[in-house]
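So the protein lines, in turn, are chains B and C.
With my numbering, the residue at position 20 of the first sequence is 22, and numbering never jumps.
With my numbering, the residue at position 199 of the second sequence is 220, and numbering never jumps.
Each residue gets a CB set at the ideal place from its N, CA and C atoms; glycine is no exception.
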Amino acid sequence: MAKQPGKAGAVLVLGGGITGIQAALDLAASDVKVYLVERSPSLGGRMAQLDKTFPTMDCAI
Amino acid sequence: MMDAGRHPNIEVLTNSELVRFEGKPGNFTATVRRHPRYVDENLCTGCGQCVHDCPVIVPNEFEVGMGARKAIYSPFPQAVPNTYIIDRENCLNDDFLVCNNCMNSCDRNAVNYDDLGAELRLAVGAVVVATGFDVYNASAIPSYGYGLYDNVLSNIELERVLNASGPTRGHIVRPSDKKVPKKIAFIQCVGSRGEGKEAGCQYCSRYCCMNAVKDCLLVKQHEPDIEELVFFYIDMRAAGRGFEEFYQRSLEMPELTYVRGRPSKILEDAVTKDLMVYVEDVETGQVSRIKVDMAVLSTGAVAGETNNRLAEVLGISLDENKFFEVDPKYGSPLHTSREGVYVCGCAAGINDISDSVSQASGAAAEAEKFVTKSPPAQEVEPAPEMDTSGPPRVGVFLCHCGINIAGVLDVESLKEYAQGIPDVAFVEENLFLCSDEGQRLMQEKIAEHRLNRVVAAACTPRTHEPVFRESCQQIGLNPYLFEMVNVRDQCSWVHTGVPEIATAKARDMIRSGVAKARHLQPLYRKSIPVNQSALVVGGGVGGMAAALELEAQGMKVYLIEQQGRLGGRLINLTRVYPANLSAFELARVMVEKIKASRVEVMTGTEINAISGFVGNFDVATTNGNFKVGTIVLATGADIYKPGDEFSYDRFENVITNQELEDILHDTKGKIDIHGQTPENVVFIQCVGSRSSDTNPGCSRYCCPTTIKQAIRLRESGVNVAVLHRDMRTVGAKAEEHYRHARELGVKFIRFTPERLPRVIGNGKAAERIEVKELALDRILDIPADYVVLAAGMVPNKATTDKLQDILKVPRAADGFFMERHAKLGPVETTTEGVFLAGCVSGPKDIADSLAQGAAAAAKAAAIISHDTVALEPTTCVVRPELCRACGECVGMCDYHAPGLVDKGDGVQVAEINQALCKGCGTCASWCPTGAIVALHFTDEQINSMLDTLLLDRV
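Set out below in structure tokens:
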């Protein structure tokens, strides 16, 4: 895509849980630069704490 | 998580927070404060030596305090980044004491006690707020004794207990005596749906019902001897895709008893630490005390504690529950009160994982409109390809992985051993092969020793193969000449106690890796051009949202609608909850926007055929043919037709909620049905839903719709009764509306599917309804001028049959299209390049359909914003000279990759479409003549591994 004047080249995503990661990956897949900011020392959020997810019982991490 | 950490377009800033924010959409300046980590991310390899040497032990937050960690730690084993962090509050190194253990143990000098952090100023075009929720602190409800009684756990604590890497290694024991509990109580709505002072939030936390049902099944799986699980609840809210079916399965568990009622208190036996749960079963009216060994509280979700501050920094508003407020005028759940700032998931209220994921993709689509996209980061000119002809010269690189491998395996002896394997030209070992230094060393040695095959004996290819392949590519060695042997997970980790045997196994694995490497062939990723346009099928809310988002990103969009007009079902509705927006107005604005845009709208059009694959679909319609690169299916669903259920066909005054909506649509203010204001209206829920005869799932939209209609009628003075099985308040503010309806005097009466209400009437009119009141154990006789059936959603059979036939998108047992993954891929399908939006994948409300429309647009844009799509070369190919055109491969492939092609003179051979093939190898293993070869996993490669494993064992 042509460079559009007057627009920054990145998106700020606040929160590194499942939703933040998903939004960041979708933006990145469309060639958008992403700053993924997470308050805690690691990505993962709540979902990383869960054991399995219903109804597929897939591993949550 | 790993993907985000590795993506070249994503810069991960952990331990950081937004402190200042100014500017306009498209041009914001965000100041992010990176708090000190005291460990350099670029130097730390995550070896864990520092943790071993740290003397301080504190409770681990990740294990909700049930496990322990050191003062220098990694939050959990799979953390991204895998950099350690020092918790300075607990670290011994303060102004007076010096411990320095971690600094001294680190070989790479990554520890820096003087780290001050940093402040970064970032130019961004848009913001996505995805800060999630906090867990309600159950100790605020003293009557349940959480925090006082040892054996009262929260649901998050139970999750950690169930986890194999958790504090009890997956064994369920009660905290007081470490014994396996025989009887466990699950208590729902702790901190949710609160009444009164000490009861927490008024809304429904949505995730807890299904989470607790899942935990019941898992508890049974972990401890088969469990005797009884008692589940206390108010309404069973199984409202997502496949959730109702999951709940129904749990009903077959003999150990699980469901009790409808909210316990008033729990008391602990001071000696045995057993618990007594006091509860009134509202179905029987019986008050009882139930003794259990352990209780699990389903703690609800509350707004994040940092929301206040973040809202202030971002300049956006919060709602009354301190979640980020959604601007109601769009009808969509993604817009905050500030343009350019979007919200998704639980930051704006409670959603389950799959809805959160849809919203995240949707928010990404919204944000994309405000940024300039940059070409993918490929600034380095590729190196000229190395000459790899001639006999194999294999290089073997052994990684210590800190102490992960070298702590168990005898790496020195492995090095010596590898040098003796035929065709091995060079062997080297390294402390961390994946580190920058290790990778540079590998590249130098490949060039120096003219290595043309490389084997790394290290960790898992799942995380590190791409790193090593990339390093090979950088110096011109074809990345498919690299082979990885996982001696960490498969040797040192699983055979920690028997180092000699582990080392022997590593020898075998390295030998077989070299054997395969000798036969590796260079492979090349092919790029195929992408047609940069999209087809959206269906002109309802989901389809219109997808088309508008794609168009706003500058894409060419075709929007096809079977009917003569856009707007779908939305145009027939009156008001849309929760903000009471005019549905017609919402639809009108969207239709106007579409008309004013460059979207090519084709109404009254049907699809005849679609062929091709991702990037290159040929579409034939009743209105002309065209090519697109991606397809969004948004064809919606049908409303169930009740037939003779509840005498719908017989009595004129038994109508569906859709028919009532039409009536309310035409009446302003006063409720007037056929010239008369009704005195008594009775709703019956779950008609055509939650039933194995019709739709086994929950239709989600009907409870909130009934509540909305009941409030409208009640406000006009009508007596309203709602007969239901569970009231399921899915969607923003729905629980609050339910409460409001009860306050207005709408009567909610529960029935069971075994004893349905009876509609009784005369001639052509229903007159009254008989329903059994469960707690009173009495038949109620309710007069009814109108009976409204809450008819569920069913798949539109003709459309879905046809689309399934054309596009091979699979459907679930309920007849709706199936998502790629129920949680993580709600708008994707297993057919690459084909996406789903709205009710085509199961019932949804307007807000969810809008979010999914945007989400599907984000996914589609990711494909068609590029000129080409690269194909993975590890696919199957046919050697035509061996093919006898039996067609076995054509029938067995799930991806429709093989096909028989006419070669003239009546000769046919199979050909495999590389764009469709996933390289699974099923056809190659089956092919009777051996004509099909799975590249990178050829018979020659696999056989050479087996030969050396079985014949050369030392």
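Distance, Cα to Cα, residue i vs residue j?
i: C/ASP510; j: C/CYS480; result: 6 Å
i: C/CYS71; j: C/ILE107; result: 10 Å
i: C/CYS420; j: C/ALA478; result: 6 Å
i: C/TYR224; j: C/LEU871; result: 23 Å
i: C/ARG763; j: C/LEU141; result: 51 Å
i: C/PRO443; j: C/ALA931; result: 38 Å
i: C/GLY942; j: C/LYS537; result: 17 Å
i: C/THR851; j: C/ILE374; result: 19 Å
i: C/LEU355; j: C/ALA879; result: 14 Å
i: C/GLY925; j: C/ILE581; result: 39 Å
i: C/GLY625; j: C/LYS823; result: 17 Å
i: C/ASP529; j: C/ASP973; result: 9 Å
i: C/GLY836; j: C/GLY863; result: 9 Å
i: C/GLU909; j: C/ALA936; result: 20 Å
i: C/THR773; j: C/GLU304; result: 10 Å
i: C/SER95; j: C/ASN103; result: 7 Å
i: C/PHE252; j: C/VAL649; result: 51 Å
i: C/THR393; j: C/GLY920; result: 42 Å
Cutting at 6 Å between CB atoms, please list the residues of its own chain near residue i, excluding the five before and the five after it.
i: C/ILE628; result: THR642
i: C/SER668; result: VAL675 and VAL780
i: C/HIS56; result: ASN36 and GLY138
i: C/SER338; result: GLU346 and SER358
i: C/ARG281; result: VAL303 and GLU304
i: C/VAL308; result: GLU301
i: C/ALA952; result: VAL899, ARG900, LEU903 and CYS904
Use the C-beta contact count for residue i: other C-beta atoms within 10 angstroms, 16 or more gives buried, fewer gives exposed.
i: C/GLU400; result: In this prediction, C/GLU400 has a pLDDT of 47, which is less than 50 and means its spatial position is unreliable; nothing more can be read from the coordinates.
i: C/ASP128; result: exposed
i: C/GLN706; result: buried
i: C/TYR363; result: buried
i: C/ASP376; result: buried
i: C/GLN1030; result: Outside the shown range of chain C (22 to 975) lies residue 1030 of chain C, about which nothing can therefore be said.
i: C/GLU606; result: exposed
i: C/HIS758; result: buried
i: C/MET505; result: buried
i: C/GLN242; result: exposed
i: C/SER603; result: exposed
Mind checking whether residue i and residue j have CB atoms under 9 Å apart?
i: C/VAL149; j: B/LEU27; result: no
i: C/GLY940; j: C/GLU893; result: yes
i: C/ALA206; j: C/ALA316; result: yes
i: C/ALA385; j: C/ALA876; result: yes
i: C/ALA100; j: B/TYR37; result: no
i: C/GLY709; j: C/GLY859; result: no
i: C/ALA18; j: C/SER226; result: The structure shown has nothing for residue 18 of chain C, since chain C only spans 22 to 975.
i: C/LEU454; j: C/CYS422; result: yes
i: C/ALA527; j: C/LEU452; result: no
i: C/ALA523; j: C/VAL448; result: no
i: C/VAL808; j: C/ALA787; result: yes
i: C/LEU250; j: C/THR278; result: yes
i: C/VAL739; j: C/VAL702; result: yes
i: C/THR517; j: C/ARG474; result: no
i: C/VAL551; j: C/HIS917; result: no
Can you find the residues in the same chain that come closer than 7 Å, C-beta to C-beta, to residue i, ignoring five residues on each side of it along the sequence?
i: C/ALA159; result: TYR165, TYR167, SER175, VAL211, GLY212, LEU318 and THR320
i: C/ASN130; result: LEU64
i: C/LYS907; result: At residue 907 of chain C the sequence reads Cys, which differs from the Lys that was named. Around C/CYS907: PRO949.
i: C/ASP923; result: GLN929
i: C/ASN644; result: MET623 and THR626
Spell out the partners DSSP gives residue i in its beta bridges.
i: C/VAL53; result: C/LEU39 and C/LEU141
i: C/HIS356; result: C/TYR363
i: C/LEU318; result: C/SER175 and C/ILE208
i: C/ASP802; result: C/GLU791
In its own chain, which residues sit with a C-beta less than 8 Å from the C-beta of residue i, not counting the 5 before and 5 after it?
i: C/SER632; result: PHE638 and ASP639
i: C/THR715; result: TYR661, GLY709, GLY813 and VAL815
Quick one: is the Cβ of residue i within less than 8 Å of any heavy atom of the ligand ADP?
i: B/GLY8; result: The model on display carries no ligand, and the ligand ADP is accordingly not part of it.
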